[in-house]
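Colleague: Before anything else, here's the structure in question.
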Amino acid sequence: MSHSPFKTILRKKPEKENEKAKLLASKGAEIIYADYSQNDDLVKAIKGTDVIVSAVNSDPKTESFYNSQAPLLAAAKDASVKRSGDHFIIDDKDKFREELEKSGLEYTYIEKATFYVDANEKIPTTSLNDIGKYTVETLKIPEARNARINIAGSFLSLNEYLEIFEKASGSKWEVIVDKDVRHRYKNKIEPVPQFLDYYKAVLLQEGEVNLELDNDKFSFTPKPVTEFIEKLVKQAS
Numbered sequence: 001m002s003h004s005p006f007k008t009i010l011r012k013k014p015e016k017e018n019e020k021a022k023l024l025a026s027k028g029a030e031i032i033y034a035d036y037s038q039n040d041d042l043v044k045a046i047k048g049t050d051v052i053v054s055a056v057n058s059d060p061k062t063e064s065f066y067n068s069q070a071p072l073l074a075a076a077k078d079a080s081v082k083r084s085g086d087h088f089i090i091d092d093k094d095k096f097r098e099e100l101e102k103s104g105l106e107y108t109y110i111e112k113a114t115f116y117v118d119a120n121e122k123i124p125t126t127s128l129n130d131i132g133k134y135t136v137e138t139l140k141i142p143e144a145r146n147a148r149i150n151i152a153g154s155f156l157s158l159n160e161y162l163e164i165f166e167k168a169s170g171s172k173w174e175v176i177v178d179k180d181v182r183h184r185y186k187n188k189i190e191p192v193p194q195f196l197d198y199y200k201a202v203l204l205q206e207g208e209v210n211l212e213l214d215n216d217k218f219s220f221t222p223k224p225v226t227e228f229i230e231k232l233v234k235q236a237s
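Under the UniProt record's numbering, think of the first position of the sequence shown as 1, with each following residue one higher.
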């Protein structure tokens, strides 16, 4: 089965109603369902595909990121897919807010920022929209083949990001400094952090922040972080 570039969306069986999938289908995307536990079914679904961009999510309590991606990777190899790109997306907070708002209960959102590293440390960020653009353009860049590409939309300190969020939301945020998350999580010390907090702390505390960026290899400039944060705040309000 041959698929048109960037027009095939692979989803997990069983088939479920999904508004985003419907929207993509209305714009010409082909929606294909496959059983991720069956290699033959996955191979059949992606046969003839040149590039896979994976946005498979996983519940860290029941499945590791590797285990959620491994079946697709194995099938991609068997189907002779030329390239695969992976993105880890966590949206548990958005899901909780959605359920809360549907519950009929009264609620108030308290804006809170937790810092796992020094507030003046520079942290790279890139919007998902720009990550998508970068992913597409890597297909045109010879240096990206079998290589690592480092990109960043913005390089600001946590205090600078916080200032932008406060300005966009029109409110003062509560700030909590917690640099002991990893120790408490590993040793089950109260209050025991959630896995997501541990994961974010690992990324921030061990992440490479002095990378040599490859932004100049691309034909576009990332959108200003202010614009992206304003959009996030608007969606959450």
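All C-beta atoms in this analysis are idealised placements derived from N, C-alpha and C, irrespective of residue type, glycine included.
Predicted model, so just to flag it, every value in this text is computed and none were measured.
Please determine if the segment 145-156 and the segment 121-129 are in contact, where contact requires at least 3 C-beta pairs separated by less than 8 Å.
Modeller: yes
Colleague: Among the candidates Lys77, Ala76, Leu139 and Ser169, whose CA atom is the shortest distance from the CA of Ala113?
Modeller: Ser169
Colleague: Report yes or no: do the segment 65-74 and the segment 29-41 share at least 3 C-beta pairs separated by less than 8 Å?
Modeller: Contact between the segment 65-74 and the segment 29-41 is present, because at least three Cβ pairs lie under 8 Å.
Colleague: Measure how close the beta-carbons of Tyr137 and Ser219 come, nearest whole angstrom, since I'm counting them as under 8 Å.
Modeller: The question names Tyr, but residue 137 is Glu in the sequence shown. Confirmed, Cβ separation roughly 7 Å.
Colleague: Rounded to the nearest angstrom, what separates Glu121 and Ser54 at their Cα positions?
Modeller: 30 Å
Colleague: Let me confirm a value: Ala201 is counted as buried when at least 16 other C-beta atoms fall within 10 Å, else exposed. Which label applies?
Modeller: buried
Colleague: Quick check on the burial criterion: 16 or more other C-beta atoms within 10 angstroms. Buried or exposed for Phe228?
Modeller: Classification for Phe228: buried.
Colleague: How far does the alpha helix (DSSP H) with Ser164 in it extend, from its first residue to its last?
Modeller: In the sequence as presented, Ser is not what sits at residue 164; that position holds Ile. Annotation for Ile164: the continuous alpha helix (DSSP H) segment containing it runs Leu158 to Ser169.
Colleague: Quick one: what's got a C-beta closer than 7 Å to Glu106's C-beta in the same chain, skipping five residues either side?
Modeller: At Glu106, the pLDDT of 48 sits below 50, so the modelled position is not reliable; the number obtained from the coordinates is stated separately. If we look at Glu106 and ignore the five residues flanking it on each side, it has no Cβ neighbours.
Colleague: Going straight from the alpha carbon of Asp118 to that of Leu158, what length do you get?
Modeller: 8 Å
Colleague: When the distance is taken between beta carbons, is Tyr116 closer than 8 Å to Gln179?
Modeller: In the sequence as presented, Gln is not what sits at residue 179; that position holds Lys. Taking 8 Å as the Cβ cut-off, Lys179 and Tyr116 qualify as a contacting pair.
Colleague: Determine the burial state of Ile52: buried for a count of at least 16 other Cβ atoms within 10 Å of its Cβ, exposed for fewer.
Modeller: With 16 or more Cβ atoms within 10 Å of its Cβ, Ile52 is classed as buried.
Colleague: Can you tell me where the beta strand (DSSP E) with Ala29 in it begins and where it stops?
Modeller: Premise fails: Ala29 is in no beta strand (DSSP E) and is neither H nor E.
Colleague: Nearest-angstrom Cα distance between Lys223 and Ile176?
Modeller: 29 Å
Colleague: Please classify Thr49 as buried or exposed, where buried requires at least 16 neighbouring CB atoms within 10 angstroms.
Modeller: The residue in question, Thr49, is buried, as its Cβ has 16 or more Cβ neighbours within 10 Å.
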